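Student: Chains as they are written, first to last, in the working numbering: chain A, 2 to 303; chain B, 26 to 435. Can you read through this structure? Questions will come right after.
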């Protein structure tokens, strides 16, 4: 269960990577750091609303959580669009390495914003969700498997968000345009699709998901730090590659596989083997299926 | 487009020039009369990450010591280096090596105060050793840095390539602290202990000492494993629950998320005891752990907490609090002061040769019956302090409360 919940965060961030890659073949290194800034926005919003600490708070202030999530989503979405406008758009026709480097630059800028904003020490995130274990308290079973309210909260938010994303891509005009741009940018342009707007929209979507993941992460793990983005980004990127980069379903699946595998490794082999287990699997899968679990060989355009 | 680029480059280089100019400003002083000398002390501590609260206090203490000490014809400058990087959020081996080289290459540097983390000391001791530069640590507690037979087979000699000791510490080492912890755990009624370490030199070192002593004392080992810094430790918490342990011992530093481990343990085991060494004995740990740090959370450390200071230590605390407007600093602050004082005494004793690294090193090594804020103590042949005072604290509503002094088991 732990694996599935951890996997859900990874999956949401991985979607941000894969969406952007699918459209413009850019690995947006700043995405993990965007997520980190999202957790700070949540924390700040909750503090402003008077819920900076759980001490003295009875029950769960759902409305405050909702406001915090919306704030983080708008912030991350907007910031991601802004970063695209400033750092990637002018380089769209440049060699492929140039936007990659500017993405790394944006990542550093985000990290330092986080550093100045919340300082170098980890920050505590209020523990606002009810403590409730369904397995032991509802069914009276005392086993290693737990399914707490927090797990439910994460899954109840993450899964609809992923389904919503799939719906947007499959059924809306914008989604159709996104798929068209992903397949052939030149042709899409000639068919009258506003490519800039589509790309902007993609960054917005990726940012929204990162913002939502930020709130879930904060409430689930109850702490955040400015260096969070690097590891989060690395794991999410791995998940995206594992699932087949550019493939939206693949990124979600990759996130869950990664989370599960990490939890299994910790339980059965010991904590120091966690990353060894995860990355060994990545190597094995990529050796036998270089396009990832669900990736298809589509020439050089995903 | 081309024009905009050029303008951008111009702005950037102007900025670079400005920064360069600012950085150069500090080096200019000290060119006074021919008899007066300017020497420099550098410190290397992790100033980025969870240890920051404590390291800032140590730096404050060093500055306080320098301000308190007048040496005739010698001006002492001080520079605090950071051996942590933003990317890691804790100490970094490459950064520590760079700091050591910086100190070596600056000819006015006669002493290096650091490091905070034992793993970092492992990097800088051999470098400074070859340069004959004295290093005094206010916080390293891994035994193998100085004591033969307490660490790996080739320790500590591999750290001293030129064969002469240049490293000293004012805190008692973990071969004592880990054992003290195990004895205390038994006193607290623990029967089955689960030992977790952060896989670093210091954390694993002290966890191993605790483990060996716990075995001697007849405690059952419910589990032993390394857990690196992670977002959460739910899987590990479940494992601890399954093992039936009644106490978890964490060997490691606050930077590697023990507060998160504690919180995840609390979710499944609301009453299990949690004990750690000096690495978690800081306000930062309790701040991060929040309500999880209730009364069954314990820590050990060398010396006594500020509220128990007497005599010279109490006077020091008064002047520290007056200057830095701080509610009592964490336990390491006073060690920072003592380390700086020992170095300053060595510089003062050097007289005309205050800028000679070799003389300062010999003077520090010769520290005997030094009457400092920690009491009367000496450096032994290994460079360890002769002090062996430890105390145990318990978390109480957001701060560490002194429980008792712990005797070193023979």
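Note that CB positions come from ideal geometry on N, CA and C, so glycine has one too. This structure is a prediction, so every number in the text was calculated from the model and none was measured.
When burial is assigned at 16 or more other CB atoms within 10 Å of the CB, is residue 115 (chain B) buried or exposed?
Tutor: Flag for residue 115 (chain B) reads buried.
Student: For residue 176 (chain A), which residues from the same chain have a beta carbon less than 7 Å from its beta carbon, with the 5 sequence-adjacent residues on both sides left out?
Tutor: The residues are 169, 170.
Student: Please name the residue, chosen from B:326, B:153, B:264, B:272, that lies closest to residue 236 (chain B) on a Cα-to-Cα basis.
Tutor: Checking every option, the nearest Cα to that of residue 236 (chain B) belongs to B:272.
Student: Of the residues B:404, B:111, B:124, B:62, which one's Cα is nearest the Cα of residue 102 (chain B)?
Tutor: The candidate whose alpha carbon is nearest that of residue 102 (chain B) is B:62.
Student: If you measure between the beta carbons of residue 398 (chain B) and residue 337 (chain B), is that distance less than 8 Å?
Tutor: Contact flag set, yes.
Student: Can you find a C-beta in chain A that's less than 8 Å from the C-beta of residue 320 (chain B)?
Tutor: No, its Cβ sits nowhere closer than 8 Å to a Cβ of chain A.
Student: Based on the DSSP output, what are the partners of residue 220 (chain B) in its beta bridges?
Tutor: According to DSSP, residue 220 (chain B) bridges with B:249, B:274.
Student: Using a Cβ distance threshold of 8 Å, determine whether the stretch 247-263 of chain A contacts the stretch 4-21 of chain A, with at least three qualifying pairs required.
Tutor: They touch, by the three-pair rule.
Student: Could you tell me which whole beta strand (DSSP E) segments of length 3 or greater appear in the stretch 108-181 of chain B?
Tutor: Here the runs fully enclosed are 134-139, 159-162.
Student: With a 10 Å radius around its C-beta and 16 neighbouring C-beta atoms as the bar for buried, classify residue 416 (chain B) as buried or exposed.
Tutor: Residue 416 (chain B) is buried by the Cβ-count criterion.
Student: Using alpha carbons as the reference points, say which of B:301, B:378, B:248, B:362 lies closest to residue 265 (chain B).
Tutor: Selected option, being the one with the closest Cα: B:248.
Student: Please classify residue 50 (chain B) as buried or exposed, where buried requires at least 16 neighbouring CB atoms within 10 angstroms.
Tutor: A caution first: residue 50 (chain B) carries a pLDDT of 36, below 50, which makes its placement in the model unreliable, though a value can still be read off. By the 10 Å Cβ count, residue 50 (chain B) comes out exposed.
Student: Ordered along the chain, which non-local residues of its own chain (more than five positions away) have a Cβ less than 8 Å from that of residue 253 (chain B)?
Tutor: Within the same chain, residue 253 (chain B) has close Cβ partners 223, 224, 281.
Student: Look at residue 86 (chain B) and residue 373 (chain B) and say whether their C-beta atoms are less than 8 Å apart.
Tutor: No; because the gap between Cβ atoms is not below 8 Å, this pair is not in contact.
Student: Consider the Cβ of residue 292 (chain B): report whether some Cβ of chain A lies at a distance smaller than 8 Å.
Tutor: Closer than 8 Å: yes.
Student: One question on the structure: do residue 243 (chain A) and residue 293 (chain A) come within less than 8 Å of each other, judged by their Cβ atoms?
Tutor: A contact, by the Cβ cut-off of 8 Å.
Student: With DSSP as the reference, identify every bridge partner of residue 100 (chain B), one or two as the case may be.
Tutor: Partner(s): B:63.
Student: With H, G and I counted as helix, E and B as strand and the rest as coil, what does DSSP make of residue 208 (chain A)?
Tutor: Correct three-state label for residue 208 (chain A): helix.
Student: Checking the sheet assignment: what are the DSSP bridge partners for residue 430 (chain B)?
Tutor: Bridge partners of residue 430 (chain B): B:416.
Student: Assuming residue 36 (chain A) contacts residue 14 (chain A) under a Cβ cut-off of 8 Å, what Cβ separation, rounded to an integer in Å, is found between them?
Tutor: Contact flag correct, Cβ pair sits at about 5 Å.
Student: Helix or strand or just coil, what does DSSP make of residue 70 (chain B)?
Tutor: In the structure shown, residue 70 (chain B) sits in a strand (DSSP, three-state: E or B).
Student: Does the beta carbon of residue 424 (chain B) come closer than 8 Å to any beta carbon on chain A?
Tutor: Output row for residue 424 (chain B): interface = no.
Student: Mapping DSSP to helix, strand and coil, what is residue 403 (chain B)?
Tutor: Coil, per DSSP.
Student: Tell me the DSSP secondary structure of residue 300 (chain B) in three-state form.
Tutor: Note: residue 300 (chain B) maps to strand in three-state DSSP.
Student: According to a CB-to-CB cut-off of less than 9 Å, which residues of the stretch 179-197 of chain A neighbour chain B?
Tutor: Correct list: empty, as no residue qualifies.
Student: Which residues does DSSP list as the beta-bridge partners of residue 86 (chain A)?
Tutor: Its beta-bridge partners do not exist; DSSP assigns none.
Student: Just checking: is the beta-carbon of residue 351 (chain B) within a distance shorter than 8 Å of some beta-carbon in chain A?
Tutor: Not one chain A Cβ lies under 8 Å of residue 351 (chain B).
Student: Taking residue 164 (chain B) as the reference, give the member of B:378, B:83, B:368 with the closest Cα.
Tutor: Measuring from the Cα of residue 164 (chain B), the nearest candidate turns out to be B:83.
Student: Measuring alpha carbon to alpha carbon, tell me which of B:427, B:91, B:424, B:276 ends up nearest residue 345 (chain B).
Tutor: Residue B:91 is the option with its Cα nearest to residue 345 (chain B).
Student: Check the C-beta distance from residue 135 (chain B) over to residue 380 (chain B) and give it rounded, since I have them as a contact under 8 Å.
Tutor: Between residue 380 (chain B) and residue 135 (chain B) the Cβ distance is about 6 Å, and since that is below 8 Å, they are a contact.
Student: Check residue 154 (chain A) in the structure and name its three-state DSSP category.
Tutor: Helix.
Student: Round the Cβ separation of residue 279 (chain A) and residue 263 (chain A) to the nearest angstrom and send it over; I've been treating them as touching at under 8 Å.
Tutor: The Cβ separation is near 5 Å, so the contact holds.
Student: Could you check what DSSP says for residue 248 (chain A) in three-state terms: helix, strand or coil?
Tutor: Coil at residue 248 (chain A), not helix or strand.
Student: Quick one: list the residues of chain B neighbouring residue 171 (chain A), beta-carbon separation under 9 Å, in chain order.
Tutor: Going along chain B, no residue has its Cβ under 9 Å from residue 171 (chain A), so there is no contact; the nearest lies around 32 Å.
Student: Please return the same chain residues whose Cβ sits closer than 7 Å to the Cβ of residue 413 (chain B), not counting the five positions on each side in sequence.
Tutor: Cβ neighbours of residue 413 (chain B) beyond the five flanking positions: 197, 201, 433.
Student: By how many angstroms is the C-alpha of residue 43 (chain A) removed from the C-alpha of residue 204 (chain A)?
Tutor: Near 20 Å, if we compare the C-alpha coordinates of residue 43 (chain A) and residue 204 (chain A).
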